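The numbering used here puts the sequence shown at residues 1 to 132.
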Amino acid sequence: MELLKHTHMKKLIAGTLFLLLLLFLFPGCYNDNEYDLYPYSSACDSINVTYAQTIAPIMAANCNSCHSTAVASSDVITDSYAGLSIVALNGSLWGGVHAEPGYVPMPNDGGKLSACDLGKIKKWINAGAPNN
Numbered sequence: 001m002e003l004l005k006h007t008h009m010k011k012l013i014a015g016t017l018f019l020l021l022l023l024f025l026f027p028g029c030y031n032d033n034e035y036d037l038y039p040y041s042s043a044c045d046s047i048n049v050t051y052a053q054t055i056a057p058i059m060a061a062n063c064n065s066c067h068s069t070a071v072a073s074s075d076v077i078t079d080s081y082a083g084l085s086i087v088a089l090n091g092s093l094w095g096g097v098h099a100e101p102g103y104v105p106m107p108n109d110g111g112k113l114s115a116c117d118l119g120k121i122k123k124w125i126n127a128g129a130p131n132n
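Structure representation (structure tokens):
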């Protein structure tokens, strides 16, 4: 009888340790993204954000291969101010690049924009998406 109690106690301790281990291994399993965690980086110049010098190059590097005037996937055009301003002002640019609920996360290749690029896009949108 004493051996049975000892074996049961070992199993109880082992189970408890296993549960504690799981709690410590998986505490942050939700959709954190770099922008929310670190919205501004000291190496990121988000002061002088313009369409021509800041936003257009981000789009060229990450979006235009699927969303150009020639391709226009999902009827979204990012290689011109006219096309980009539409999705910027209706919320779908930010919804996609920031992976908001209800939007297809962009870029679609699985990569994410850096927190710096996201911050610049957000600043440009918040300024009214000017053509500057």
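Backbone N, C-alpha and C define an ideal beta-carbon position, used for all residues, glycine too. In this text, all values refer to a predicted model and were calculated from it rather than measured experimentally.
Quiz item: For the alpha helix (DSSP H) that contains M59, what are its first and last residues?
Solution: From DSSP, the alpha helix (DSSP H) with M59 extends over 56-62.
Quiz item: Quick one: Cα of K120 to Cα of W94, how far?
Solution: For K120 and W94, the gap between their C-alpha atoms comes out near 11 angstroms.
Exercise. Hey, could you find the ends of the alpha helix (DSSP H) I120 is sitting in?
Key: Looking at the sequence itself, residue 120 is Lys, so the reference to Ile does not match. In the DSSP assignment, K120 falls within the alpha helix (DSSP H) that extends over 115-126.
Quiz item: Going by the beta-carbon positions, is the gap between C116 and A43 smaller than 9 angstroms?
Solution: Result yes, Cβ atoms of C116 and A43 sit closer than 9 angstroms.
Quiz prompt | Rounded Cβ spacing between L113 and V97 (contact assumed at less than 8 angstroms) | solution = Confirmed, Cβ separation roughly 5 angstroms.
Practice problem: In angstroms with no decimal places, state the Cα-to-Cα distance between P105 and N132. | Solution: One Cα belongs to P105, the other to N132, and the distance between them is close to 27 angstroms.
Quiz item: Rounded C-beta distance between N90 and T78? I'm assuming under 8 angstroms.
Solution: Not a contact, Cβ separation roughly 14 angstroms.
Quiz prompt | For I86, three-class secondary structure by DSSP | solution = If DSSP states are grouped into helix, strand and coil, I86 belongs with the helices.
Self-check item: CA nearest to the CA of G111, picked from N62, W124, I47
Solution: Taking each of N62, W124, I47 in turn and checking the Cα distance to G111, the smallest one comes out for N62.
Exercise. Return helix, strand or coil for V76, following the three-state DSSP convention.
Key: DSSP places V76 in coil when its eight states are reduced to three.
Quiz item: On the three-state DSSP scale, how would you describe G96?
Solution: In the structure shown, G96 falls within a helical segment according to DSSP collapsed to helix, strand and coil.
Exercise. Taking all protein chains shown into account, decide if I13 is buried (16 or more other Cβ within 10 angstroms of its Cβ) or exposed.
Key: Burial call: exposed.
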